[in-house]
Structures are given as C-alpha cells and as structure tokens.
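The structure under discussion appears below in the form of structure tokens.
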Ligand SMILES: [Zn+2]
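Numbering (my numbering), first residue to last: 459 to 692.
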C-alpha cells in the first residue's frame with residue numbers, strides 16, 4: 459500500500475519531483491493540513507519493456523563507440539563516453555525491434571524469480587489508502603475532514619482511453635472501469651467532504667479537449683487546471 463504523508467504541498471511536490479520526469483502522480487490534500495502522495499505503477503510487462511529499452515539503448519551506444527574506434531580497447535571515462543557519443547541517436551526502429559525481442563525474455567526471468575508488481579493508476583492507490591489517510595488526518599485534527607483537494611499530473615483516465623484503469627473492489631464497494639468513474643464513486647462514498655480536482659496536463663483522449671470542454675465532461679465535479687501559485691511549487 460502506498461502511504462506517504464506530508465505537512466505541506468511544497469514537501470509533497472519535492473517528493474513528486476524526486477521521481478523520473480513524466481511520472482504520473484496524485485497528491486491528496488486534506489484541508490491544506492496534510493498531503494498524501496501516490497504514483498501510478500506500471501505492470502510487470504511494461505516495467506520489463508522500460509528496462510529492455512534502457513539496456514538496448516546502452517548496447518547500441520557501445521556498438522557505436524566500437525564503430526567509431528574499432529581498435530581502441532581503453533577503458534573510457536564517463537566524460538569521454540559522453541564526448542564521443544555527442545550527437546549520436548540510436549535508430550528508433552532498430553531500437554524498438556530489439557526491445558521487443560528482449561522484453562519477453564526479461565519478463566520470463568522476472569516471473570521465474572517470483573517478482574510481484576503492484577500495478578495500478580495513482581487514483582486506485584489513493585482509494586485503497588483512503589482510510590489510512592483519514593486516520594492520519596484525524597490524529598492531527600481530531601475530527602473528520604471537510605475539504606479535499608486532489609492534485610493530478612494528468613486528468614483521470616476515461617473509458618474512451620486505450621487502457622482505462624480496471625474495475626476494483628475496495629471496502630465492499632465496486633469501483634468501475636476508468637479513474638473518472640472511480641472518482642465519481644469515491645466522492646459519492648464521501649459526501650461530507652467538498653472535493654476539488656486540479657490537474658497539470660490532460661490525459662490521453664482528453665488531450666484534444668480544451669480546459670472548458672474537459673470540465674464539462676465531469677459534471678458535478680469541480681475540476682480545473684492548476685493555477686500559477688500551485689504550479690510554481692512544481
Ligand atoms: Zn486512470
């Protein structure tokens with residue numbers, strides 16, 4: 459279970475920025491007093507594909523170094539490697555084809571080792587950890603929260619997207635396919651709290667909408683792009 463509480467939004471964003479660029483995150487804020495950070499996690503296949511992409515890239519760089527100086531067997535310093543590879547870009551199609559060849563082998567090895575990957579969208583992890591977040595808030599404030607804000611790197615996935623988050627059961631409640639639908643269910647399950655969603659980017663099929671059209675696709679939910687005073691924390 460993901461559970462990382464912070465006292466301020468700035469601290470929560472520092473945590474977010476410690477991850478690689480383009481990480482999909484969600485920060486849950488309760489009354490501006492406590493913040494909880496969640497990340498989307500790839501499944502094992504996607505993870506092995508990323509590893510394979512990286513390994514193949516390194517291999518192609520080694521091949522390029524060899525091609526530039528076939529008879530040079532000296533150990534190179536990182537600065538020398540960087541200098542020699544300046545301007546080199548691995549051929550995209552070749553890299554992809556080799557990655558596709560390597561991924562199934564890595565996946566097989568990971569499965570043989572019994573590697574378990576807790577995959578899911580950040581919204582799913584927030585919903586799963588909700589009780590713990592409320593307990594933590596109540597320890598600090600000695601009452602139930604009245605206001606919640608959700609800061610998203612990307613707008614919630616919708617059923618029109620390629621791979622919307624799958625349905626799940628939490629505390630006996632069914633959360634349907636897509637994070638959009640899950641958030642409706644989640645807000646309905648917590649009616650005493652006033653909710654607001656802030657996002658940095660529009661996701662997938664929502665990329666073609668403008669901010670107003672996006673908001674009208676979430677009737678009854680307050681959803682808007684992050685304002686400059688929030689964005690400056692990022
Ligand atoms: Zn999602």
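No residue lacks a Cβ here, since even glycine has one placed at the ideal position from N, Cα and C.
Going by beta carbons, residue 608 and residue 486 fall inside the 8 Å limit. Three or more Cβ pairs closer than 8 Å define a contact, and the region 652 to 668 meets that threshold against the region 609 to 620.
Straight through space, the alpha carbons of residue 523 and residue 624 are spaced by roughly 45 Å.
Rounded to the nearest angstrom, the gap between the Cα atoms of residue 648 and residue 690 is 30 Å. Using a 10 angstroms sphere on the CB of residue 601, the tally of other CB atoms stays under 16, which defines it as exposed.
Where residue 658 is concerned, the enclosing beta strand (DSSP E) starts and stops at 652 to 659.
Straight through space, the alpha carbons of residue 508 and residue 555 are spaced by roughly 13 Å. Bounds of any beta strand (DSSP E) do not take in residue 490, whose DSSP letter is neither H nor E. With respect to residue 466, residue 506 sits apart: the two C-beta atoms are not nearer than 8 Å. Inter-residue distance for residue 583 and residue 568 is about 23 Å (C-alpha atoms, whole angstroms). Residue 554: not part of any beta strand (DSSP E); member of the alpha helix (DSSP H) spanning 550 to 570, first to last residue.
Leaving aside the five residues that flank residue 503 on each side, the residues in its chain whose CB is nearer than 8 Å to its CB run, in chain order, 561, 565.
A distance filter of 7 Å between CB atoms and the heavy atoms of ligand 1 selects the following residues in sequence order: 579, 581, 614, 615, 622, 623, 636, 637. A Cβ-Cβ separation of about 7 Å places residue 498 in contact with residue 578 under the 8 Å criterion.
Pairing residue 518 with residue 461, the inter-Cα distance amounts to about 39 Å. If you draw a straight line from the Cα of residue 676 to the Cα of residue 621, it comes to about 19 Å. The criterion of a C-beta distance shorter than 8 Å is satisfied by residue 631 and residue 643.
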